[in-house]
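To start, the structure itself, in structure tokens.
Numbering (the UniProt record's numbering), first residue to last: 1 to 177.
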């Protein structure tokens with residue numbers, strides 16, 4: 001299956017929302033309760049993505065992975081650091097979200113998406129990029145570590161009625177000490 005990685009936009013909102021929900025259900029099935037995952041809604045994610053894209057940020061980057069059929073099978077978005085615990089992340093940019101459907105994982109898409117967004121953020125002058133990942137999600141943690149991410153601080157909070165712990169990962173711009 002050939003997959004095209006391209007800039008995402010408003011025309012992709014429904015596909016992104018669908019992958020967002022299915023990605024959660026596939027990725028977090030071992031970490032979140034079935035009730036929490038069943039409560040996810042594509043319609044809610046469509047509304048969320050409409051709000052996000054209604055306020056364009058030229059420093060942010062949204063990429064989608066599109067199958068030959070036109071179906072969105074993954075996406076990533078990164079940009080300047082949000083207000084969410086900036087003292088913990090200690091970077092000037094972050095990867096907000098990265099999801100791939102299970103059927104397209106382990107084909108290099110995640111690596112390519114990360115590489116393109118990291119390159120974009122570093123070209124914007126960012127010296128480091130962070131992200132949060134569930135501490136128990138060992139597959140994702142191995143993926144980020146294989147890309148050069150260094151684990152950092154942790155934070156715990158309630159996610160859809162369930163206590164979880166996230167761990168930060170940091171990626172430094174190549175060539176910096």
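Backbone N, C-alpha and C fix where the C-beta goes; we use that ideal spot for every residue, glycine too.
Among 133, 148, 145, which residue has its Cα nearest to the Cα of residue 157? Position 157 of the chain shown, counted from the start, is the residue given in the question as residue 157. If you compare the alpha carbons of 133, 148, 145 with that of residue 157, the shortest gap goes to 133.
Among the residues of its own chain, which have a CB less than 8 Å from the CB of residue 46, if the five just before and after it don't count? The residue labelled residue 46 in the question sits at position 46 within the chain shown. Result list for residue 46: 13, 14, 17, in chain order.
How should residue 161 be labelled, buried or exposed, when 16 other C-beta atoms within 10 angstroms of its C-beta is the threshold for buried? Position 161 of the chain shown holds residue 161. Exposed is the call here.
Mapping DSSP to helix, strand and coil, what is residue 128? Working through the chain shown from its first residue, we reach residue 128 at position 128. The three-state reading of DSSP puts residue 128 in strand, counting E and B together.
Which one of 74, 68, 70 has the shortest CA to CA distance from residue 62? For this step, residue 62 is matched to residue 62 along the chain shown. Measuring C-alpha to C-alpha distances from residue 62 to each of 74, 68, 70 identifies 74 as the nearest.
Start-end ranges of the beta strand (DSSP E) lying completely within the segment 40 to 108, minimum 3 residues: Within the segment 40 to 108, the runs of beta strand (DSSP E) at least 3 residues long that lie entirely inside it are, in chain order, 61 to 67, 72 to 80, 93 to 100.
Work out the CA separation of residue 125 and residue 135 for me, nearest whole Å. Your numbering for residue 135 matches position 135 in the chain shown. Your numbering for residue 125 matches position 125 in the chain shown. So the alpha carbons of these two residues sit roughly 29 Å apart.
Identity of the residue in 123, 153, 116 nearest residue 147 by Cα: Position 147 of the chain shown, counted from the first residue, corresponds to residue 147. The closest CA to that of residue 147, considering only 123, 153, 116, is found on 116.
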